[in-house]
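These notes are about the structure you will find just below.
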Amino acid sequence: MEFDTIAAISTPMGEGAIAIVRLSGDEAFAIADRVFKGMGGKQLQAVPSHTIHYGHIVDPATQTTLEEVMVSVMKGPKTFTREDVIEINCHGGLVSVNQVLQLVLRQGARIAEPGEFTKRAFLNGRIDLSQAEAVMDMIRAKTDRAMSVAMGQMEGKLSKLVQSLRQEILEILAQVEVNIDYPEYDDVEEMTLSMMMEKSTYVKGQIERLLQTSEQGKILREGLSTVIIGRPNVGKSSLLNSLVHENKAIVTDVPGTTRDVIEEYVNVRGVPLKLVDTAGIRETEDIVERIGVERSRKVLKEADLILLVLNYGEALSEEDRRLFEAVKGMDVIVIVNKTDLSQKVDMDEAAQLATHHRLVTTSLLKEQGVDELEEAIASLFFAGSLEAGDGTYVSNNRHIALLHQALAAINEAIEGAEMGTPVDMVQIDLRRTWETLGEIIGDTVQESLIDQLFSQFCLGK
Amino acid sequence: MVKKFEAGSFDVIVVGAGHAGVEAGLAAARMGAKTLMLTINLDMVAFMPCNPSVGGPAKGIVVREIDALGGQMGRTIDKTHIQMRMLNTGKGPAVRALRAQADKVLYQQDMKETIENEPNITLLQAMVEELIIEDGECTGVISKTGATYRAKTTIITAGTFLRGEVILGDLKYSSGPNNQQPSIGLADHLRSLGFDIVRFKTGTPPRVNSQTIDYSKTEIQPGDDVPRAFSYETTEYITDQLPCWLTYTNEETHTIIDENLHRSPMYSGMIKGTGPRYCPSIEDKVVRFNDKPRHQIFLEPEGRNTKEVYVQGLSTSLPEDVQQQILTSIPGLENAQMMRSGYAIEYDAIVPTQLWPTLETKKIKNLYTAGQINGTSGYEEAAGQGLMAGINAARRAFNKEEVILSRSDAYIGVLIDDLVTKGTNEPYRLLTSRAEYRLLLRHDNADLRLKDVGREMGLVSDESFEKFVSKKEMIQGEIKRLQSVIIKPNEHVQTLLESIGSSLLKDGIKGSDLLRRPEITYNHIKAIIPADSELPFDVEEQVEIQIKYEGYIEKSLQQVDKLKKMENKKIPDGIDYDAISGIASEARQKLRDVRPLSIAQASRISGVNPADISILLVYIEQGRIAKVSGE
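Chains Z and H are the protein sequences, given in the same order. Counting the first sequence from 1 gives a position; my numbering is that position plus 175. Counting the second sequence from 1 gives a position; my numbering is that position plus 12.
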């Protein structure tokens, strides 16, 4: 509850060019070292306090590089929370920052509760007494809100699925417990390693399936992540403004990431659109240049939808062709903008480059063609490949982190069983799985195991 | 009104001499306290009113813990059992447990003799009816005969005697267990002092005459053929063991029960007390699990010099004539003569959340309660509490600091924490599943966990402690050796590995790494790289477990670390929960009742959620800061 290492994205990401993932707690340095590849393999645990270090965030499981970062290392107690603090400065948009956050969560950090950094600052004596009341109000208010969110989840399919998985595990646990507590009781089949393995493998499969839905869940929850690309002066900003102003911009809190995020988040005919990297678009028009950068490719790769803008008033250039190359195999809508100018673009070639993608002509200046564009977005979502699956989604970062932990625990259980470890030891990992899943739905109670024991089996002397 | 008279002054008074009482009295006396033990009937010291056995899963580990702490139960059962078995040997080391079948009579005799030989104990027959309370403190007790005994601290271990009522069929009468005199006056007195009282129920099966059992229709259940002992002090082992026997109920038995259910006090509503789920009566089992064609019945001798046999599995409160019919329907018992009938007993227990983790009552200072009066069931649970109450009562008498075992120290810690933090709505029994850290709370390492505590209490002799210290050194030495010695893949090694189906070595390997292979035991390692001198069995066992399961043990220790941090966050005395804004009202009520000592304990109370804990933490911290700045 207290003292473990917490993490969160601690910058508002709507407009900022950089975003910071902050870690605080005993394990902060160790976790950072597991994901940080610095120059000459330097260890953050070994560097002087209050220094900043260049490097990359690498997922140790897959060895893929997620982000190019600057990491600030601050040793407690001279920090905001008075604990060891790591701040990972990411340059990318929401997607890559989120990936960094999820990676540190998988490495053992816990997503910070609302106001938790502040709470720790207070608990560790950093904030003075006069602020105590405010802190308490904040905890109560935020927790009540978190609770109502949790209640909403409780009724959802996710919680049903988690509950049924837990029940599955609970039955294994109860059977093992009965074997232990009533060794002479003849009516309960002895739980064997192979039975355990079979059931664990099933549970593992289900957890993995849930984790796979986490991406889709995000779409519904956080919007269809959409990137606008095009050469300078094709009208990307106008497109952005048009989408934002035509439609009701939604200012939102993205659950699980940070409570203070404001994004370009619009509702286009019922399709939640999250405009990614909008800061970049507004700041600079030279996205073509940035295409060459690894990170921008990444942004593209992770987008659900690409809006590729061409200029009606200019001939197609080599840059335009490279853009088409870069978005190959993705969901793309091609927009030929500035029909108010005289035509210089070769529409046949544009259509050819667009292949099967929708091609829309607009004059954003004259507010022409916007309806057609919105229709194209909506039909792509509702009719096409982007449509969502069966309705069970995991989208909350906390849930995703817990599912990863549960997956790790059940994997250890399976490993143990494969090695021939005694049943009651393997059970330790099964129990961890059960408890971790319980945290998703806010229910980890020892007593339920004992109740299961007595309702399922006729026990006693 | 009987005339009261002064009858003596002591450090510690123990009311009751059952399994809780004897451990309490012996612990206090061995710690140097002048101790008075009072029992309703001197012939009933350490009497076993129900099953003739000690130990089993979780409970057996408690007996080992009691022994490591310097208690008596293990030593006495080692001398007086008729058979011993190690249970769960096919499973991992964390759940192995020893169980002994007791010779009830010898057990009692040995325990009584031990008490009589303890110079600091005065053992008397007396019925305590009243406590002397002065300024909210208990300063002594008054017996039915008017004898007034004074003491610094008092422990009540009243078992099921408080307003006990025996019930079978539609017969109900005021009685303690086994037709002993019930304790009515003390029960009334405790209520009048304002204690919250619940009514619990438990039961016992009939006993039959061994000479009337046809054992040929049953299966024999012998003891282990290797010598076993609970106590670390035991050096002599009983080799002459008696077997138990297994038979089953059948359709006919179940029909008899079904047809007579209307005569059962459980179903007629005569019994109001809450019974334990883990120890249901046979009528309960038949009703709740009516698809089961048969239930196991174990026939357990009650001792070497008696013909009485305990019919385990047949606990019942049906009328006596139905009990006889049931017996007759069971193979081997067709002609069994019932010597005592089974019965249910209802009794008063105090709601255990009224206790501090030292087992002192919150309401009355220097008054402790232990055993079944606290809502538990089982001899071992009683003995564990008795020991801790005895230790704490003596410590208080000497103005020394209290001793509380944590959930990660011992099953006894789990038991007491459950009781005082969560309470119980049925007679509480320890189960391995109640322990979060059972891999650490093993049968084999009770001494490693607790001997230092026992020593500090003055309950472990020099000789015993020296033996323990040298055992610890041998374990550490051998583990170090195995971690450094490299086993090379020579012919001897490869042949041995091949013979047990283990993969052959490609390179040299550390002894400890080889031992981690599931199919390798310490004996294999010993055959390859023997120690300088043969090590005792319990040392080898520790080395094997500690190396083999290091990964799992490490995981458990990490969890314990988290717990300890929360336990170190103490909640100050006299905290006013009403003054803390923001705590939910249910949580506020629970916190006020339980008055947890640490944040860890607070977070285990059902109905207190993490938000409440956060607010509590903030409040406590606020107070701490206020204090610092005020200084």
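The beta carbon of each residue, even a glycine, is placed where N, CA and C say it ideally should be.
CB-CB length for residue i against residue j, believed under 8 Å
i        : j        : result
H:Thr224 : H:Gln349 : 4 Å
H:Ile94  : H:Leu254 : 4 Å
Z:Val275 : Z:Ile286 : Going by Cβ atoms, the distance from Z:Val275 to Z:Ile286 rounds to 13 Å, so no, they are not a contact pair.
Z:Ser400 : Z:Asp479 : 5 Å
H:Asp252 : H:Met96  : Contact flag wrong, Cβ pair sits at about 12 Å.
Z:Leu612 : Z:Leu340 : 6 Å
Under 9 Å from the C-beta of residue i: neighbouring residues of chain Z
i        : result
H:Pro69  : Ile355, Asp356, Tyr357 and Pro358
H:Asn100 : Asn354, Ile355, Pro358 and Asp599
H:Leu451 : Asp599, Met600 and Ile603
Contact with chain Z by residue i, beta-carbon distance below 8 Å
i        : result
H:Pro343 : no
H:Leu431 : no
H:Thr230 : no
H:Tyr355 : no
H:Asn190 : no
H:Tyr564 : yes
H:Lys156 : no
H:Leu273 : no
H:Leu330 : no
H:Lys412 : no
H:Lys567 : yes
Euclidean distance between Cα positions of residue i and residue j
i        : j        : result
H:Ile537 : Z:Met594 : 19 Å
H:Ala112 : H:Val321 : 15 Å
H:Ile416 : H:Ile565 : 23 Å
H:Lys91  : H:His31  : 16 Å
H:Glu490 : H:Ser515 : 25 Å
H:Ser593 : H:Ile627 : 8 Å
Z:Ser647 : Z:Ala553 : In the structure as shown, chain Z starts at 176 and stops at 636, and residue 647 of chain Z therefore has no counterpart that could be examined.
H:Asp115 : H:Phe310 : 16 Å
Z:Arg197 : Z:Ser185 : 6 Å
H:Lys6   : H:Phe212 : Here chain H comprises residues numbered 13 to 643, so residue 6 of chain H is not present and cannot be evaluated.
Z:Met366 : H:Val24  : 49 Å
Z:Gln527 : Z:Gly230 : 42 Å
Z:Ser247 : Z:Gly380 : 38 Å
Z:Ile615 : Z:Val337 : 8 Å
H:Ser445 : Z:Ile355 : 9 Å
Z:Leu577 : Z:Asp599 : 24 Å
Neighbour list for residue i in chain H, Cβ cutoff strictly below 7 Å
i        : result
Z:Asp599 : Lys103, Gly104, Ala106 and Val107
CB contact check: residue i to chain H, cutoff 8 Å
i        : result
Z:Glu352 : yes
Neighbouring residues, chain H, relative to residue i (Cβ below 8 Å)
i        : result
Z:Gly595 : Pro530 and Glu531
Cβ of residue i within 8 Å of any chain A Cβ
i        : result
Z:Ile603 : Looking at the structure shown, chain A is missing, and the protein chains on hand are Z and H.
Selection from the options that minimises the alpha carbon distance to residue i
i        : options                                   : result
Z:Asp259 : Z:Leu516, Z:Thr536 and Z:Lys250           : Z:Lys250
Z:Leu348 : Z:Gly410, Z:Lys374, Z:Glu549 and Z:Tyr487 : Z:Lys374
H:Pro218 : H:Glu332, H:Gln558 and H:Phe477           : H:Glu332
H:Asn580 : H:Val620, H:Ile532, H:Leu629 and H:Ser293 : H:Leu629
H:Arg616 : H:Gly563, H:Val426 and H:Val34            : H:Val426
Z:Gln602 : Z:Val351, Z:His266, Z:Leu340 and Z:Gly230 : Z:Val351
H:Gly104 : H:Gln495, H:Gly396 and H:Thr533           : H:Thr533
H:Ala596 : H:Asn621, H:Asp588 and H:Pro584           : H:Asn621
H:Leu494 : H:Gly513, H:Glu478, H:Glu531 and H:Ala543 : H:Ala543
H:Gly86  : H:Gly287, H:Leu399, H:Ala409 and H:Glu413 : H:Leu399
H:Glu392 : H:Lys15, H:Gly67, H:Met282 and H:Thr134   : H:Gly67
H:Gln366 : H:Thr328, H:Asp429 and H:Tyr631           : H:Asp429
H:Pro369 : H:Gln613, H:Asp573 and H:Lys16            : H:Gln613
Contact set between residue i and chain Z, taken where Cβ atoms lie within less than 8 Å
i        : result
H:Thr444 : Glu352, Ile355 and Asp356
Amino acids of chain Z, ordered along the chain, whose beta-carbon sits closer than 7 Å to that of residue i
i        : result
H:Tyr561 : Met600
H:Gly375 : Checking the sequence, you will find Lys at residue 375 of chain H rather than Gly. Residues of chain Z passing the Cβ test: none, with the nearest at roughly 27 Å.
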